[in-house]
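A quick write-up on the structure given underneath.
So, in structure tokens, the structure goes:
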């Protein structure tokens, strides 16, 4: 497919007139060919009107037809071939194997939701028969099912140009629920977004979806982003990004005359807890594995292990020596954008400037668009009294917190904010301690990992990719796995409604 720089509004292409911008090659900072036109308020109005118009006919379609639409999106994305990967590599700086894997994940989660809605269990239908003779009061006939909430606004993520973007998990789960979707494409990868957006539009037309079931807009956050959340026809929001961005959208959504939920994935440092037995048995081995996880994708994962909690021991020294040596050989990596790289450098500098912080190791240096990995250490007592140490540094930077004993380690855990993941490394001798810690970690994070790291997120029904605030805005939900569909559904009960008037 050809990139034209146009907006996608339902079944039409529209040239945005609010100013031109270009995709940027991540490795060099140079503009890529083709200018993109930013959308106006009028474009936003048209997209929202079409989405609202499409809602009733789309939600009424047979589940098989809705599932076929999702399958067709996946097929259309695959049909883009190498053009998609090449453009995504240029705009994101991510390597080919990572993006090919991400494309597979994007297609597989569309297939997963297609299968899920064909099964129909997500409707959660419950039927209660009437009991007219029940005393002291008769029981009416009752039915309950889940219904879609309405059009959904989805914000593309910078760090996953495919799997958390135009046709990513938020879009797939919202469409599966029966909700039209309007995507605000991320400005860091406009060409990638347009290619995928055209694939979604093509699938919608070929499978007979109502006009307006999908739109994709470029534009300023103050116009398109805030405008989407403010629009009365938008019923929910899916967002992956910074805490500042997520909380701004949440405030806008709550200030509406009719507030709506914003499902925002925001900030997480993903603590890794190293228990004494595991350190003594395999401290050096864990150190190497930790660095591999820390530096994966230049550390630009929301599940990146940014915090290590460990009890003082010889095993901890072996871990640190191994991690320091491994990290020193880690090459600098191109980050998603120059702005993200600069923010990472500022975060590392701020962390390094704190009085109780000691540098452990640095990776190799690179160009102005490449991030240099960093590892620091501090003592638990200093960590507990320094809130700045608890902040996320988006990139390959981590802090080791030395604890005097397990009791001090537990004190640190209780003072942490909500997280997406918490990892626990144990040996047989740590079993009792691990068993006592897991209930605490359940309150801390949405996913508890044993003897590993949370960097890899499996797309399957059992996965939870969410957690208590500020990792997400609502710790009861997930943005990965079939349970993600529940964000865009709500229950309705039908009392004494005869079957001939019902559609289920």
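Residue numbers (the numbering used here): 51 to 554.
Just so it is clear, CB atoms sit at the ideal spot from N, CA and C, and this is done for glycine as well.
Inset, instruction - On a CA-only basis, which of 378, 337 and 195 is nearest residue 365? Give me that one, please. - result: 337
Legend entry - Same chain, Cβ closer than 6 Å to residue 252, neighbours up to 5 away in sequence not counted: 126
Inset, instruction - May I ask you to verify whether the stretch 255-273 touches the stretch 169-186, counting CB pairs closer than 8 Å and requiring at least 3? - result: no
Legend entry - Segment limits, beta strand (DSSP E) that includes residue 63: 62-64
Legend entry - contact_flag[the stretch 392-403, the stretch 327-345] where n(CB pairs < 8 Å) is 3 or more: no
Legend entry - residue 82 to residue 64 span [Cα, whole Å]: 21 Å
Inset, instruction - Could you tell me whether the stretch 121-136 touches the stretch 179-194, using the rule of 3 or more Cβ pairs below 8 Å? - result: no
Inset, instruction - Go ahead and label residue 512 buried or exposed: buried means 16 or more other beta carbons lie within 10 angstroms of its beta carbon, across all protein chains shown. - result: exposed
Legend entry - residue 384 and residue 345 closer than 7 Å at C-beta: no
Inset, instruction - Report yes if the CB atom of residue 297 is closer than 7 Å to the CB atom of residue 279, and no otherwise. - result: no
Legend entry - Touch test, the stretch 266-274 against the stretch 72-80, Cβ-Cβ under 8 Å, three pairs minimum: no
Legend entry - Own chain residues within Cβ distance below 6 Å of residue 414, not counting five before or after: 381 and 382
Legend entry - The beta strand (DSSP E) enclosing residue 453, as first and last residue numbers: 447-453
Inset, instruction - Starting from the C-beta of residue 360, find all residues in its chain whose C-beta is less than 6 Å away, skip the five residues before and the five after it, and write them out in chain order. - result: 324 and 366
Legend entry - Cβ-based neighbour list, residue 483, same chain, cut-off 7 Å, excluding 5 preceding and 5 following: 325 and 456
Inset, instruction - Pick helix, strand or coil for residue 319, following the three-state DSSP scheme. - result: coil
Legend entry - Assumed close pair residue 283, residue 98 - CB separation to whole angstroms, cut-off 8 Å: 5 Å
Inset, instruction - Alpha carbon to alpha carbon, how far is residue 343 from residue 446? Give it in angstroms, no decimals. - result: 9 Å
Legend entry - Straight-line Cα distance separating residue 170 from residue 527: 20 Å
Inset, instruction - Give the DSSP-derived three-state secondary structure of residue 306 in the structure shown. - result: coil
Legend entry - residue 172 to residue 373 span [Cα, whole Å]: 45 Å
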